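This report refers to the structure that appears directly beneath it.
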Amino acid sequence: MNNIKSKFSIKDLENLSGIKAHTIRIWEKRYDLFKPNRTETNIRYYSLASLQKILNISFLNKNGYKISKIAALKTEEIPALVREIAEKNDESKNSINNLKLAMMNFDQALFFKTYNELISEQSFQDIFYTIFVPFLEEIGMLWQTDTITPAHEHFIVELIKHKIVINTEIALNKAKPNTEKITYVLFLPDNEVHELGLLYSNYEVINKGHHCIYLGQSVPIRSLEFLLTQYNNIRFVSCFTVMPIKKDISKYFKEFKDKLLKDNSNKLIVSGRMTAFIEEENNQQISIFKSTKEFVQSI
38 MNNIKSKFSI KDLENLSGIK AHTIRIWEKR YDLFKPNRTE TNIRYYSLAS
88 LQKILNISFL NKNGYKISKI AALKTEEIPA LVREIAEKND ESKNSINNLK
138 LAMMNFDQAL FFKTYNELIS EQSFQDIFYT IFVPFLEEIG MLWQTDTITP
188 AHEHFIVELI KHKIVINTEI ALNKAKPNTE KITYVLFLPD NEVHELGLLY
238 SNYEVINKGH HCIYLGQSVP IRSLEFLLTQ YNNIRFVSCF TVMPIKKDIS
288 KYFKEFKDKL LKDNSNKLIV SGRMTAFIEE ENNQQISIFK STKEFVQSI
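Numbering (my numbering), first residue to last: 38 to 336.
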């Protein structure tokens, strides 16, 4: 069975390209840029080639090219001009467009090609913050508007995870023997499975030469208690994306303090979306950061 999405509504094109559906219709009529197909029930839809074309047109338009000039180009000249501009200017928008196409096509080869081109010119940290983070923010919007399915999201997120893991291994191989007494323990709270930010934090902590224990998804507080018998100065690092829910955050902190931060120098460091709902903590052993980047800069 072919799982590649090959039919797109005009709303899909709008969500993926950032060009309003009304504008796409005007361009279509005025410049004959697209030739939508119709279903048996006469509903218009666009092909994957049309999606690629609107992404390229969007890129050129945002780089100062008027639509009349773009429309005068031959079909094969449009992607060539995109590549030329991307090489001279900021390539991030074009790279993000390529990642969108890789996601929609379930195309690992295009993902790796795009990534390899980026890593030949940029550091992994730059790629993560300038390409992956804005791309992932767009994915959230695309998922909410039903433009993509959970399968699309899982596909691309797993590929990004793979790159984080590879770079973490590289950082570990370069790491010098650690002499500090601080141990970073990275974990997600019970029923929290969104680990991309935490996985990247693990990379950064290791890259900065610290001793790190990565525990991953859905770790109950009781599972962390054993670590108190092994280490004396622990920085527990977590990311609250959807869990614990707003009303349970205070309760979670109380349990964590009672079981893991009592009569010791340990600390809890939290970042993520749910931190927006955290009331100011007076406890000096708990630090709150709005984002993964903010936490990384504090290390």
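Don't be surprised by glycine CBs; every beta carbon is placed ideally from N, CA and C. None of these values were measured; they are calculated from a predicted model.
| Check | Outcome |
| --- | --- |
| What would DSSP say about ASN39, mapped onto helix, strand or coil? | Confidence in ASN39 is poor, its pLDDT being 46 and thus under 50, which makes the residue's placement too unreliable to answer from. |
| What's the C-alpha gap between ASN52 and THR184? | 7 Å |
| Among the residues of its own chain, which have a CB less than 6 Å from the CB of MET311, if the five just before and after it don't count? | PHE277 |
| Taking the alpha carbon of PHE96 as the point to measure from, which residue in THR329, GLY55, ILE61 has its own alpha carbon closest? | GLY55 |
| Could you check which residue in ASN100, PRO171, SER132, LEU235 has the C-alpha nearest to that of GLU154? | SER132 |
| Provide the residue(s) that pair with SER324 in DSSP beta bridges, ordered along the chain. | ILE306 |
| Would you say PHE290 and ILE306 are within 9 Å of each other, going by their C-beta atoms? | no |
| Short of 6 Å in beta carbon distance, which residues of its chain neighbour ILE122, apart from the five on each side in sequence? Order them along the chain. | ASN100 |
| Return the CA-CA distance between MET38 and THR266, expressed in angstroms with no decimal places. | Low local confidence applies: a pLDDT of 37 at MET38 is under 50, so the model's placement there is unreliable, with the coordinate-based value given in what follows. MET38 and THR266: Cα-Cα distance of roughly 52 Å. |
| From the DSSP output, in three-state form, read off TYR240 for me. | helix |
| Looking at C-alpha atoms only, which residue of ASN244, THR60, LEU85 is the closest neighbour of ILE201? | ASN244 |
| Please report the Cβ distance between LEU50 and ILE91, rounded to the nearest whole angstrom; I am assuming they are in contact, meaning their Cβ atoms lie under 8 Å. | 5 Å |
| Using a 10 Å radius around the Cβ and a threshold of 16 neighbouring Cβ atoms, would you call ASN353 buried or exposed? | Outside the shown range of the chain, which is 38 to 336, sits residue 353, and nothing can be said about it. |
| For the structure I just gave you, are there three or more beta carbon pairs, one from the segment 188-195 and one from the segment 217-228, closer than 8 Å? | no |
| Starting from the N-terminal side, write out each stretch of the alpha helix (DSSP H) that is 4 residues or longer and does not extend beyond the segment 55-132. | 58-68, 85-99, 104-108, 114-125 |
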